[in-house]
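Heads up: the structure comes next, in structure tokens.
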Ligand code: C2E
Ligand code: CA
Ligand code: CA
Ligand code: CA
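Numbering (the UniProt record's numbering), first residue to last: 71 to 345.
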């Protein structure tokens, strides 16, 4: 037993060093990728399951390093801790702006959700960055919806709120991402200018086992607060049917569409309008 214990320590140390050096290598590579504008944006449609209409998109960053797709959770976290997220965020706005300008020729009301990190509020003039992007691509504020996670709000509400209110006064809408995972009190939520709650996938999955207690409560909270709801990570027909029964018809997930590159999205959108 003693020997095994010793080996375990060695194994742990090796893995730990691997993790540190992977992170350092990725940070360096990410810096270069940002300098060369090598990151992509993929788009995932959000649908109204009542009528099958596309109500919007979510922009999701993608990074391919050599032949490896680096998971967004991994490189976004590196971008956040290293301070590169502000630069990454500006490239996201620019690519989303360009895509929307093009898409809105055929789909005039199409809008896109963009994910924001705390550091973007801290390290930059977010309002200015966003307004510049809109001006460049001649888009109204209603074309961009901004997503903040519930945990960001829980940690740093006072830091975020002034910029948030400023953006709201310009006509931007905010979506509360990963809702249900961040322990926000109802009192707190009532006082924040969110337009939509995005129900985290962890509450959608139990619907498969006929467990709808949590998701039902969350939907009721949303209705009570007068907010719109989007269910995230919906993969099966059973989930769609139950969400509709429970009063949530805006749906994002693999069941309807996966995130895809712009060119693929254009084809997908054409097929939708023909169907
Ligand atoms: P998120 O904002 O919660 O995005 C939703 C995630 O769920 C995406 O993962 C999406 O691909 C995935 N997803 C969508 N439908 C389904 C489904 O039916 N089943 C399953 N299993 N998953 C589904 P992704 O693209 O890996 O992104 C992970 C996270 O990385 C995002 O979570 C977001 O927090 C962050 N992220 C991605 N792009 C950006 C960005 O440009 N800026 C910032 N700040 N964060 C980003
Ligand atoms: Ca999101
Ligand atoms: Ca989410
Ligand atoms: Ca998430």
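Glycine included, every Cβ here is placed at the ideal spot set by N, Cα and C.
Subject >> Environment of residue 71 [buried if 16+ CB atoms lie within 10 Å] >> reply: Indexing the chain shown from 1 puts residue 71 at position 1. Because residue 71 carries a pLDDT of 42, less than 50, the predicted location of this residue cannot be relied on, and the following value inherits that uncertainty. Taking a 10 Å sphere around the C-beta of residue 71, we find fewer than 16 other C-beta atoms and assign the residue as exposed.
Original post:
In chain order, which alpha helix (DSSP H) runs of at least 4 residues are fully inside the stretch 284-333?
Top reply: Correct list: 307-315.
Subject >> Local conformation of residue 129 per DSSP, three classes >> reply: As a first step, residue 129 must be located in the chain shown, where it is residue number 59. Taken through DSSP and simplified to helix, strand or coil, residue 129 comes out as strand.
Original post:
Is there contact between the stretch 229-241 and the stretch 190-207, where contact requires at least three CB pairs shorter than 8 Å?
Top reply: Judged by Cβ distances under 8 Å, the stretch 229-241 makes contact with the stretch 190-207, as three or more pairs qualify.
**OP:** Give the DSSP-derived three-state secondary structure of residue 242 in the structure shown.
**Re:** For this step, residue 242 is matched to residue 172 along the chain shown. Looking at residue 242 - three-state DSSP - the assignment turns out to be coil, as it is neither helix nor strand.
Original post:
Which residues in the same chain have their Cβ closer than 7 Å to the Cβ of residue 258, if we skip the five residues on either side of it in sequence?
Top reply: Sequence index remark: in the chain shown, residue 258 carries index 188 (1-based). Excluding sequence neighbours, residue 258 sits near nothing in its chain.
Subject >> Entirely enclosed beta strand (DSSP E) segments - the stretch 169-194, minimum 3 residues >> reply: Fully enclosed beta strand (DSSP E) runs of 3 or longer: 182-185.
Subject >> Straight-line Cα distance separating residue 291 from residue 256 >> reply: Reading the chain shown from its first residue, position 186 is the one you call residue 256. Reading the chain shown from its first residue, position 221 is the one you call residue 291. In this structure, the CA atom of residue 256 is about 8 Å from the CA atom of residue 291.
Subject >> Boundaries (first-last residue) of the beta strand (DSSP E) holding residue 209 >> reply: Here residue 209 refers to the residue found at position 139 when the chain shown is read from its first residue. Counting along the chain, residue 209 falls outside any beta strand (DSSP E), and DSSP gives it neither H nor E.
Original post:
Thinking just about the alpha-carbon of each residue, which of 325, 96, 227 and 215 is nearest to the one in residue 241?
Top reply: Within the chain shown, the letter at position 171 stands for residue 241. Comparing alpha carbon positions, the residue from 325, 96, 227 and 215 closest to residue 241 is 215.
Subject >> Nearest-angstrom beta carbon gap, residue 162 and residue 131 [assumed within contact, 8 Å] >> reply: Your numbering for residue 131 matches position 61 in the chain shown. Your numbering for residue 162 matches position 92 in the chain shown. About 6 Å; that satisfies the 8 Å criterion.
**OP:** Indicate, with yes or no, if ligand 1 has a heavy atom lying under 7 Å from the CB of residue 126.
**Re:** Start at 1 with the first residue of the chain shown, and residue 126 comes out as number 56. Not under cutoff, so the answer is no.
Original post:
CA-CA distance, residue 116 and residue 313?
Top reply: Here residue 116 is taken as the residue at index 46 of the chain shown, counted from 1. Here residue 313 is taken as the residue at index 243 of the chain shown, counted from 1. Pairing residue 116 with residue 313, the inter-Cα distance amounts to about 14 Å.
Original post:
Where does residue 219 land, buried or exposed, given buried means 16+ other C-beta within 10 angstroms?
Top reply: If you number the chain shown from 1, residue 219 lands on position 149. Its Cβ being crowded by 16 or more others within 10 Å, residue 219 is buried.
Original post:
When you compare only the Cα positions, how much space is there between residue 160 and residue 206?
Top reply: Along the chain shown, read from residue 1 onward, the residue named residue 160 stands at position 90. Along the chain shown, read from residue 1 onward, the residue named residue 206 stands at position 136. Approximately 13 Å, taken between the alpha carbons.
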